[in-house]
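Comments concern the structure below.
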Amino acid sequence: GNKGGILAIRCTTPGESVDIDNQALGYQANYGSTSSSLSSGSSNDSPSSSVNTFTIVTHSAGSSWDNENDYIEADPPDWQSSLSEEELTRLHPHEKKRQDVINELFHTERSHLRNLKVLERVFCKRIQEQKLLKDDEISLLFPNLCDLISIHSKFNSLMMSKKKDMVLVKDIGDILISMFDGPIGESFQKAAATFCEKQQHALDFIKEKRRKDSKFEMYLTDFEKDPACRRLPLQGFIPSEMQRLSKYPLLVERLIDIIEKNLDNEQIEYSQLELSKLQQAHNRSKEILNYVNEAAKQAWSKFRLQEIQKHLDTSVFEKTEHAIVNEFKNLDLTKYNLIYEGTVQLKRQTKALLNVHMVLLEEIVILLQREGERFLLKFFQSGIPGQQPLAPIIKMSNLLVRTNAALKCSLFLVSTSTQHSQMHELLTRDNTERKTWFKHLSDTAEAYNKREGKQKRPDPTPDEEETVVELPSTREPTEHAESIGGSEAATSESEQNTDGNQRIGSITDDDKDKRLSQDDGENNNVAIPVSSSTGGGASMKFTADDWPLIQPYEVQAEIPPVHSAAPVLTPLEQIKRKGDVVRQALEDKENLVADLLSIPREDYHHIADMAVEEAKNKELTEREPTALVLASLYQGKCANYVLMVY
3 GNKGGILAIR CTTPGESVDI DNQALGYQAN YGSTSSSLSS GSSNDSPSSS
53 VNTFTIVTHS AGSSWDNEND YIEADPPDWQ SSLSEEELTR LHPHEKKRQD
103 VINELFHTER SHLRNLKVLE RVFCKRIQEQ KLLKDDEISL LFPNLCDLIS
153 IHSKFNSLMM SKKKDMVLVK DIGDILISMF DGPIGESFQK AAATFCEKQQ
203 HALDFIKEKR RKDSKFEMYL TDFEKDPACR RLPLQGFIPS EMQRLSKYPL
253 LVERLIDIIE KNLDNEQIEY SQLELSKLQQ AHNRSKEILN YVNEAAKQAW
303 SKFRLQEIQK HLDTSVFEKT EHAIVNEFKN LDLTKYNLIY EGTVQLKRQT
353 KALLNVHMVL LEEIVILLQR EGERFLLKFF QSGIPGQQPL APIIKMSNLL
403 VRTNAALKCS LFLVSTSTQH SQMHELLTRD NTERKTWFKH LSDTAEAYNK
453 REGKQKRPDP TPDEEETVVE LPSTREPTEH AESIGGSEAA TSESEQNTDG
503 NQRIGSITDD DKDKRLSQDD GENNNVAIPV SSSTGGGASM KFTADDWPLI
553 QPYEVQAEIP PVHSAAPVLT PLEQIKRKGD VVRQALEDKE NLVADLLSIP
603 REDYHHIADM AVEEAKNKEL TEREPTALVL ASLYQGKCAN YVLMVY
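Going by my numbering, the letters in the sequence shown line up with residues 3 to 648, in that order.
In structure tokens:
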């Protein structure tokens with residue numbers, strides 16, 4: 003029982019009988035009570051499940067540790083020493099190889115069982131006795147250790163019984179099938195997943211605990227001096243189960259390879275049935291390994307995101323006015339799945355290199371700044387005056403990733419969003435690390451697009467709808483231009499008519515005043531009929547009796563036509579000049595598109611080139627409209643350049 007808050011752990015000894023069928027190796031009925039419980043809100047998303055309590059109650063192993071079977075040589079025993087020289091001579095070389103593999107399989111199973119017992123008796127039991135760790139910490143390091151010991155004890159018993167029946171082991175397919183397949187194999191799979199899923203967390207905990215707790219470090223060092231440890235520290239025993247799971251497929255594959263090469267050999271009797279059993283066992287051993295690896299991956303992802311979320315500071319990010327802030331204002335990393343993480347450097351113009359912690363999730367990429375244990379989520383200054391700051395979050399639906407051919411450790415991340423298109427240049431330590439990041443980013447983006455069936459851009463959020471700028475239709479600019487051109491023409495014509503009217507009006511008015519004054523003084527009869535024209539001007543008819551001279555203002559000097567020579571251009575020169583006009587128009591259009599998509603003009607060609615590569619690798623229905631626009635403009639400009647050159 004659990005007395006005084008200390009876990010009492012009882013493991014079955016080698017001398018005790020184990021009913022592997024009734025107990026499900028003692029596991030199925032008690033599976034939930036033997037798993038790790040670091041938090042009360044354990045998720046069922048992992049391939050293995052867990053509950054809130056940890057209780058493993060059994061008796062002490064006591065003197066069974068002195069059993070001679072617990073002392074095993076590091077190297078496999080020499081099975082050939084049990085045979086006479088005549089028997090060895092009659093053995094085919096391939097059969098000798100097969101017996102070597104079987105001998106290694108049996109021996110390494112016994113060695114693994116011994117390591118599990120060392121883990122339980124030297125470390126787990128003594129740590130409990132000295133009260134060095136809390137219950138949840140013990141459950142982290144030794145979650146279901148006794149279940150594993152029971153399972154591998156049965157495996158070892160099956161192998162030893164096979165070895166006792168004959169010096170040369172003939173068929174072992176039936177043993178391996180019973181270990182890996184059926185209900186026993188399922189129980190083994192779940193037990194192994196429970197033990198291994200939080201292994202990385204456990205190793206990190208031991209390292210940190212030894213560094214900070216001198217008492218724990220002192221006792222643990224003393225435990226490791228036990229001869230049974232063979233100079234291995236605690237951290238060397240904990241990964242033993244995962245190492246064993248990786249070993250099974252390799253050994254079985256070697257057996258399959260030997261039999262397949264000698265099925266037609268008349269000197270060796272290998273049956274097709276044995277081969278099929280080995281193949282079945284091999285497939286199941288790989289399935290178990292993959293299952294446990296996936297459980298460990300999910301558990302580590304959950305733990306790391308919990309750690310980052312616990313130290314995440316978003317205060318500066320949430321105060322910034324930016325479209326992406328509204329979408330990720332209450333960011334909870336624990337709702338995502340972690341793909342990869344690491345430290346890179348952010349490169350910006352006129353700014354020093356900045357170390358950032360890049361976190362790759364299934365749906366987004368996050369760039370965080372580290373300050374001690376804190377992770378700061380905030381925008382980065384672009385280093386270019388007047389340009390908006392770089393966002394720390396890039397959505398996978400908008401991500402383009404490209405390597406920099408000019409710099410082997412450089413990587414471009416481009417967000418193709420129509421609202422805040424940006425490009426981040428990141429530097430890795432070397433080309434190998436860049437390849438790793440590039441693969442993870444590319445694979446994650448491709449998986450996201452397949453998963454979402456990305457044939458169109460996702461519907462905008464309410465916040466995005468409020469910030470969308472309505473662009474005029476293709477008809478409106480034409481009508482607008484025509485109205486402007488029409489009004490300008492009408493205005494020009496009106497101005498000309500007005501000038502003419504003013505000129506005629508001024509002459510007529512002066513002339514009228516003079517004629518009126520002359521009529522008053524000399525009693526001359528002047529008729530001034532006035533008629534209006536449809537053009538808005540005025541035509542007047544003058545009748546003068548005593549005014550034969552022409553006044554100066556009535557003299558109109560006509561400017562004779564001036565002829566000028568027009569330049570004659572060759573067709574080639576005309577093509578060149580037209581090409582220059584087209585090139586300039588395309589450049590102006592590129593600048594307008596860059597401004598529309600919020601892309602820095604100096605980075606336009608990089609991003610457009612990336613859009614071309616992206617478009618080539620996708621079906622037409624899967625291509626982003628923004629990427630198609632960029633690719634079309636860029637390729638059009640390239641085609642025009644080719645025509646100009648050739």
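All residues carry an ideal CB built from backbone N, CA and C; glycine is no exception.
Contact belief for residue i with residue j at Cβ below 8 Å, rounded distance in angstroms
i    : j    : result
S412 : L429 : 6 Å
L415 : I396 : 6 Å
A447 : L401 : 5 Å
H203 : L142 : 7 Å
L115 : S155 : 6 Å
N339 : E364 : 5 Å
E199 : A301 : 4 Å
Alpha helix (DSSP H) segment containing residue i, residue limits
i    : result
F144 : Neither: F144 is in no alpha helix (DSSP H) and is coded neither H nor E.
I186 : 184-198
D599 : Per the sequence presented here, residue 599 reads as Leu, with Asp not at that position. Run containing L599: none; DSSP gives neither H nor E here.
L236 : 236-239
K209 : 201-214
Bounding residues of the beta strand (DSSP E) (the contiguous stretch that carries residue i)
i    : result
H359 : 356-363
L402 : 401-405
I396 : 395-397
Q389 : It is not in any beta strand (DSSP E) - Q389 carries neither H nor E in the DSSP assignment.
S444 : Per DSSP, S444 belongs to no beta strand (DSSP E); it is in the alpha helix (DSSP H), 433-454.
L415 : 412-417
Distance between residue j and residue i (C-alpha atoms, nearest Å)
i    : j    : result
P460 : T434 : Reliability fails at P460, whose pLDDT of 45 lies under 50, so the model's placement of it is uncertain and the value that follows must be treated cautiously. Spanning the two alpha carbons is a distance of roughly 34 Å.
E89  : K172 : 15 Å
F108 : Q347 : 50 Å
D149 : L135 : 21 Å
A325 : Y250 : 53 Å
L234 : E296 : 28 Å
K1   : L277 : Only positions 3 to 648 of the chain appear in the structure, and residue 1 is not among them; the question remains open.
E106 : D138 : 37 Å
Q351 : Y293 : 46 Å
D605 : K299 : 38 Å
D432 : K410 : 7 Å
S189 : I177 : 16 Å
E615 : F382 : 28 Å
T405 : T438 : 12 Å
K288 : L275 : 20 Å
V570 : Q576 : 10 Å
S634 : G581 : 18 Å
A354 : P602 : 19 Å
Q390 : R306 : 31 Å
K639 : E320 : 41 Å
R128 : E375 : 33 Å
D228 : L236 : 11 Å
G539 : P562 : Because G539 sits at a pLDDT of 44, beneath the cut-off of 50, its placement in the model cannot be relied upon, and the point is left open.
Q130 : L362 : 39 Å
Simplified DSSP assignment, three categories, for residue i
i    : result
D315 : strand
P229 : helix
R246 : helix
E560 : coil
Q424 : strand
K172 : coil
R376 : strand
F381 : coil
L369 : strand
V584 : helix
S152 : helix
Q637 : helix
A629 : helix
L429 : strand
N264 : coil
Y606 : helix
V570 : coil
Contiguous alpha helix (DSSP H) assignments of at least 4 residues, all confined to the stretch 91-133:
List check, alpha helix (DSSP H) in window: 95-120, 127-131.
At which residue ranges does the stretch 280-354 contain complete alpha helix (DSSP H) runs of 4 or more residues, listed in the order of the chain?
For the stretch 280-354, whole alpha helix (DSSP H) runs of length 4 or above, ordered along the chain, are 317-321, 325-329.
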